[in-house]
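Before any comments, here is the structure.
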Amino acid sequence: MIKDVNLGGSLGGTLNSIKRASAQVEQTSLRLNTGKRVNSVLDQPQNFFNAFSLNNDASDYSRLIDGLSMGTRTVQASLSGLEAIEKVLRLAENRALEAATTLENTKSALPNAILADNPVGYYQLYDADRIEAVNIGSLAGDPNGNGTYINGVSQGKEILFYGAGGLAAKFDGNQQYIGILPNDSINTAGPYDEKTIELTFNADTVAGRQVLFEEGGPVNNLNIYIDNGQVYVNGRSTFGGGWGPFNISAPIEAGVTYQVALVLDANNNRFSGVLNGEEFGSAFLPAPIGSHPNRNAIGAINQDIYFHDDGPGNAPTNRPDGSFAFRGEISDVAFYNDVISLEGLRARYEATSLPLAERFRTEIIEFMNQISGIVEDSAFRGVNLLQEDELRVDLNQDRSNKLEIKGGNFSLESLGLDEISFQKPSQTEASIRKIREAIETIREYTSKLTSDINIINMRETFTREKINTLKAGADDLTLADINEEAANQLSAQTRLELSVTALSLATASQQSILTLFSNGTGQVI
Numbered sequence: 001m002i003k004d005v006n007l008g009g010s011l012g013g014t015l016n017s018i019k020r021a022s023a024q025v026e027q028t029s030l031r032l033n034t035g036k037r038v039n040s041v042l043d044q045p046q047n048f049f050n051a052f053s054l055n056n057d058a059s060d061y062s063r064l065i066d067g068l069s070m071g072t073r074t075v076q077a078s079l080s081g082l083e084a085i086e087k088v089l090r091l092a093e094n095r096a097l098e099a100a101t102t103l104e105n106t107k108s109a110l111p112n113a114i115l116a117d118n119p120v121g122y123y124q125l126y127d128a129d130r131i132e133a134v135n136i137g138s139l140a141g142d143p144n145g146n147g148t149y150i151n152g153v154s155q156g157k158e159i160l161f162y163g164a165g166g167l168a169a170k171f172d173g174n175q176q177y178i179g180i181l182p183n184d185s186i187n188t189a190g191p192y193d194e195k196t197i198e199l200t201f202n203a204d205t206v207a208g209r210q211v212l213f214e215e216g217g218p219v220n221n222l223n224i225y226i227d228n229g230q231v232y233v234n235g236r237s238t239f240g241g242g243w244g245p246f247n248i249s250a251p252i253e254a255g256v257t258y259q260v261a262l263v264l265d266a267n268n269n270r271f272s273g274v275l276n277g278e279e280f281g282s283a284f285l286p287a288p289i290g291s292h293p294n295r296n297a298i299g300a301i302n303q304d305i306y307f308h309d310d311g312p313g314n315a316p317t318n319r320p321d322g323s324f325a326f327r328g329e330i331s332d333v334a335f336y337n338d339v340i341s342l343e344g345l346r347a348r349y350e351a352t353s354l355p356l357a358e359r360f361r362t363e364i365i366e367f368m369n370q371i372s373g374i375v376e377d378s379a380f381r382g383v384n385l386l387q388e389d390e391l392r393v394d395l396n397q398d399r400s401n402k403l404e405i406k407g408g409n410f411s412l413e414s415l416g417l418d419e420i421s422f423q424k425p426s427q428t429e430a431s432i433r434k435i436r437e438a439i440e441t442i443r444e445y446t447s448k449l450t451s452d453i454n455i456i457n458m459r460e461t462f463t464r465e466k467i468n469t470l471k472a473g474a475d476d477l478t479l480a481d482i483n484e485e486a487a488n489q490l491s492a493q494t495r496l497e498l499s500v501t502a503l504s505l506a507t508a509s510q511q512s513i514l515t516l517f518s519n520g521t522g523q524v525i
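For the sequence shown, position 151 (counting from the first letter as 1) is numbered 151 according to our numbering, and the numbering increases by one without interruption.
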């Protein structure tokens with residue numbers, strides 16, 4: 001049977017000292033390893049839970065930082081897109097200014113090209129401030145060769161194209177027209193195997209039906225007119241078994257200057273229309289046009305007409321003079337008793353500044369089309385502020401404080417850059433103005449986004465500082481003083497070593513006393 005072991009007071013005290021020193025060494029080792037003096041709820045409950053709460057708050061703010069960072073990146077993507085768009089617009093503006101300078105120095109060779117083909121009638125219409133429209137064709141000097149301005153046709157305010165020799169005639173669509181009397185060289189001595197009629201026009205509107213030119217009446221007639229966005233060339237005759245009317249048309253736009261021509265070539269059985277030097281339609285022509293002795297006109301009806309949708313039979317004869325009036329400007333009206341070839345009509349178009357203006361327009365439009373790609377590529381994580389998306393950035397934990405950024409529309413259409421033109425000075429000025437206004441729009445939105453990103457960055461900086469403050473507060477409650485803990489550990493280790501030494505000495509002393517009082521057999525005397 002094992003009896004209880006009784007330790008002396010000195011030996012027991014030494015063992016307790018060793019136990020305390022060991023516990024302190026273990027505690028300081030843990031604190032040195034973790035860097036914390038509060039590692040569990042048992043260490044210091046109040047500090048532990050307060051630090052836990054502060055760290056949770058810091059974690060919540062860290063998630064808020066993610067949202068702020070993504071908001072910053074989204075705005076940065078948009079700002080990069082806006083910067084690229086502005087560069088494109090700056091280059092477009094420079095090119096438009098170059099176009100203006102080049103076009104201002106062009107000269108038109110159109111009158112020379114027309115006169116070289118000996119037209120019967122050529123009305124430049126630069127004299128609408130007078131009574132008569134002077135004919136400088138082969139009928140010049142004939143009493144019936146000139147036209148008459150009727151119902152207040154006026155002079156336009158601006159040339160129809162750069163290099164034009166004067167201001168075109170302006171029609172207001174209210175029964176204004178230029179009357180031209182019948183003449184054997186024009187319409188009273190048929191049949192006519194060959195005819196070419198050409199003119200330059202710019203319509204204020206392409207709605208409704210508007211006559212540009214007509215000769216003849218309700219039986220035999222040649223005409224050029226606008227009908228709801230289309231320009232028509234048409235003819236009808238009862239001669240040689242009859243033919244027509246023809247439904248030959250091409251789309252046009254208001255505010256654009258065009259050159260249009262009607263070509264009658266009975267020798268080759270062709271009736272065709274040409275717009276800006278390109279044929280846009282033709283029809284089989286079985287015979288010449290017969291005599292068509294009614295009065296002729298520019299800008300409206302003058303003694304009846306035959307439209308493409310009239311008939312069958314003769315056209316109505318109750319259409320008053322001045323009806324179907326044109327609204328816009330017309331110049332350089334010429335007609336021939338010859339066929340002007342397609343090459344010749346194309347040369348007329350190229351004799352003006354219109355092809356050059358169109359090349360500038362096409363070049364700048366194609367260049368600015370890069371904007372569409374830039375806008376599309378400015379998205380970040382599915383949000384594109386340049387395509388009217390909206391961005392919400394939460395600024396605090398409970399989402400009660402937020403920044404809402406509304407996107408803008410930066411398509412060419414929205415910027416007003418889908419329709420630009422350089423045909424005449426006012427259009428060039430308007431195009432340059434549109435580009436500059438677009439640049440200003442870009443700058444205004446850039447300024448707004450810059451302010452927004454500054455708010456986000458400021459809030460992100462504040463939030464990071466808040467996180468650091470919360471973590472620092474938690475650390476203040478839990479972190480250990482490494483120097484202090486190292487000193488405590490050294491002190492505890494020293495006490496432990498001394499206690500172990502003391503225990504060893506006490507044990508040896510007791511062993512000596514036991515030996516002294518024993519009989520050598522291990523039994524105490």
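Positions of the beta carbon are idealized from the N, C-alpha and C atoms, including for glycine.
- With respect to Phe380, Thr74 sits close: the two C-beta atoms are nearer than 7 Å.
- Taking all protein chains in view, the Cβ of Ile298 is crowded by 16 or more other Cβ atoms within 10 Å, so the residue is classified as buried.
- For Ile453, the three-state secondary structure derived from DSSP is helix.
- Thr101 counts as exposed, since fewer than 16 other beta carbons sit within 10 angstroms of its beta carbon.
- The three-state reading of DSSP puts Glu194 in strand, counting E and B together.
- Counting only runs that start and end inside the segment 244-300, the beta strand (DSSP E) elements of at least 3 residues fall at 248-251, 257-265, 270-275, 278-284 and 296-298.
- Contact annotation: Phe213 and Thr352 have beta-carbon atoms that are not nearer than 7 Å.
- For the pair of segments examined, the segment 256-267 was found to touch the segment 338-350: the number of CB pairs separated by less than 8 Å reaches three.
- Linking Ile301 to Gly165 through their CA atoms gives a straight-line distance of about 27 Å.
- The residue among Arg392, Thr362, Phe410 and Val153 with its C-alpha nearest the C-alpha of Gly71 is Arg392.
- Apart from the 5 residues on each side of it in sequence, Phe280 sits with its Cβ closer than 6 Å to the Cβ of Ala250 and Gly273 in its chain, given in chain order.
- For Phe324, the three-state secondary structure derived from DSSP is coil.
- Counting along the chain, Ala169 sits inside the beta strand (DSSP E) bounded by residues Ala169 to Asp172.
- When secondary structure is reduced to three states using DSSP, Thr74 falls in the helix class.
- DSSP places Asn401 in the coil class of the three-state scheme, outside both helix and strand.
- By the neighbour-count criterion, in which 16 or more other beta carbons inside 10 Å mark a residue as buried, Asn221 falls on the buried side.
- In the structure shown, Tyr336 falls within a strand segment according to DSSP collapsed to helix, strand and coil.
- For Asp394, the beta-bridge partners assigned by DSSP are Lys402.
- Residues Gly147, Thr148, Ile150, Arg295, Ala297 and Asn302 of the same chain have their beta carbon placed closer than 7 Å to that of Gly179, with the five preceding and five following residues left out of the count.
- Between Phe171 and Phe326, the C-beta spacing is below 7 Å.
- Annotation: the continuous alpha helix (DSSP H) that includes Tyr349 extends over Leu342 to Glu350.
- DSSP, read as helix, strand or coil, puts Tyr61 in helix.
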